[in-house]
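Using this note's numbering, the first residue of the sequence shown is number 535, and each one after it goes up by one.
Here a beta-carbon is modelled for each residue, glycine too, at the ideal position from N, C-alpha and C.
Computed from a prediction, not measured in an experiment: that's the story for all the values here.
What follows is a single structure, written as structure tokens, with notes after it.
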Amino acid sequence: MSLPSTEVEAEIRLNIEGGVATILLNRPDKLNAFNDPMLTLWEAAIREVAADDAVRAVILTGAGRAFCSGGDVDKMGSAEMTPLQVKERLTKGIQRITHAMAALDKPAIAAINGVAAGAGLDIALMCDLRFMALGAKVAETYFKLGLVPGAGGAHYLPRIVGPAKALEMFWSADYVGAEECLRIGLVNRIYPDAELMEQARTFARRVAAGPPLSARLIKRAVYQGLDTDLSTSLDLVSSHMTIVRSSRDHVEAVAALREKRAPRFEGR
């Protein structure tokens, strides 16, 4: 699905340049809190970059002073929905983004430019890497609202920071600054606010310039390895190796190394 420019300008902006797709959450007046129309555009943007062979890396970030503050609070606090309706609201709502990101077989970087709270933090956790501005802060705020993490935070957070630290963050609901996020391994790198996006783009361009098949299979091997035993992981990666060893990009990489020149990768 291609995103018309008028819709892209509204709540989701998608820009593709030099092999890097940037998805911008664009409701700055609402701290980029998501609503149903925004989720539809957002899912379409993810699936578009997933299908576009020209895209080799993806950056997700927010407009204004927030990354994402979670779901629009105007939709919360109502007891009128039945249990089935509550469940369907999650599965047909924000969890569409969770599934789309999980299916994205390309490197994804969250550039956390400002506040990321609740499902907004969960969204950053769905990305492979997280770069954070020094002035940003994050929190898992579900407990304050008498809720549970509905977008995937209970799956992702303990895998990133460990179960004990994840539970501390969930139960305290405290905001965590950039330096502490770096210390506990929640983010990969921190930068001054004004440098965040350029640093994220620089890294994404570096990944995009590499062999895309290798990048995708490395990502697949890492995530498959988290849920399998060692023997299964080794078996899977040996199959991946047969694919990349027979690729034109591998031949090109070796030739470029021998000829002391920059490689030209084609993704095949």
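Problem set entry | Classification of residue 800 by the beta-carbon crowding that lies within 10 angstroms, buried from 16 upward | Exposed, because fewer than 16 other Cβ atoms sit within 10 Å of the Cβ of residue 800.
Problem set entry | First and last residue of the uninterrupted beta strand (DSSP E) at residue 671 | It spans 671 to 673 - the beta strand (DSSP E) in which residue 671 sits, taken as one unbroken run.
Problem set entry | Touch test, the stretch 701 to 718 against the stretch 742 to 755, Cβ-Cβ under 8 Å, three pairs minimum | As far as the Cβ criterion goes, the stretch 701 to 718 does not touch the stretch 742 to 755, which means the pair count is below three.
Exercise. Within 7 Å (strictly less), CB to CB, does residue 710 reach chain C?
Worked result: No chain C is present in this structure, which holds just one protein chain.
For this session: Return the residue from the list 695, 731, 706 and 782 that minimises the CA-CA distance to residue 717.
Result: Nearest C-alpha to residue 717: 695.
For this session: Compute the Euclidean distance between the alpha carbons of residue 647 and residue 690, then round it to the nearest angstrom.
Result: Approximately 20 Å between the Cα atoms of the pair.
For this session: Measure from the alpha carbon of residue 604 to the alpha carbon of each residue in 643, 729, 704 and 653, then state which is nearest.
Result: When the alpha-carbon of residue 604 is set against those of 643, 729, 704 and 653, the nearest one is in 653.
Exercise. Going straight from the alpha carbon of residue 686 to that of residue 757, what length do you get?
Worked result: Residue 686 and residue 757: Cα-Cα distance of roughly 15 Å.
Exercise. Which first and last residues belong to the beta strand (DSSP E) in which residue 602 is found?
Worked result: For residue 602, the enclosing beta strand (DSSP E) has its first and last residue at 600 to 602.
Exercise. When the Cβ atoms of the stretch 725 to 739 are set against those of the stretch 584 to 595, are three or more pairs found closer than 8 Å?
Worked result: Yes, they touch.
Exercise. So what does residue 596 bridge to, in DSSP terms?
Worked result: For residue 596, which the question treats as bridged, DSSP gives the partners 559.
Exercise. Where do the N-terminal and C-terminal ends of the beta strand (DSSP E) with residue 721 fall, by residue?
Worked result: Unbroken run through residue 721: none, as it is neither H nor E.
Exercise. Looking only at C-alpha atoms, which of 557, 782 and 684 sits nearest to residue 624?
Worked result: Taking only the C-alpha atoms, the option nearest residue 624 is 684.
For this session: Would you decide whether residue 549 is buried or exposed? Buried here means 16 or more other CB atoms lie within 10 Å of its CB.
Result: So residue 549 ends up on the exposed side.
For this session: Could you spell out where the alpha helix (DSSP H) holding residue 582 opens and where it closes?
Result: It spans 570 to 585 - the alpha helix (DSSP H) in which residue 582 sits, taken as one unbroken run.
Problem set entry | the stretch 626 to 641 / the stretch 570 to 580 touching (three or more Cβ pairs under 8 Å) | Contact holds between the stretch 626 to 641 and the stretch 570 to 580, because three or more Cβ pairs, one in each stretch, are under 8 Å apart.
For this session: Put residue 615 into one of helix, strand or coil per three-state DSSP.
Result: Under the three-state reduction of DSSP, residue 615 is assigned to coil, being neither helix nor strand.
For this session: Return the bridge partner residues of residue 510 from the DSSP annotation.
Result: In this structure the chain extends from 535 to 802, so residue 510 is not present and cannot be described.
Exercise. Helix, strand or coil: how does DSSP classify residue 665 here?
Worked result: Three-state DSSP puts residue 665 in a strand.
Exercise. If you draw a straight line from the alpha carbon of residue 773 to that of residue 589, how long is it in whole angstroms?
Worked result: In this model, residue 773 and residue 589 are separated by some 25 Å (Cα to Cα).
For this session: Alpha carbon to alpha carbon, how far is residue 680 from residue 582? Give it in angstroms, no decimals.
Result: If I take the Cα positions, the gap works out to 35 Å.
Problem set entry | Collapsed DSSP secondary structure at residue 645 in the structure displayed | Strand, per DSSP.
Exercise. For residue 709, which residues of its own chain have a beta-carbon under 6 Å away from its beta-carbon, when the five flanking residues on both sides are left out?
Worked result: Only 671 and 673 meet the Cβ criterion.
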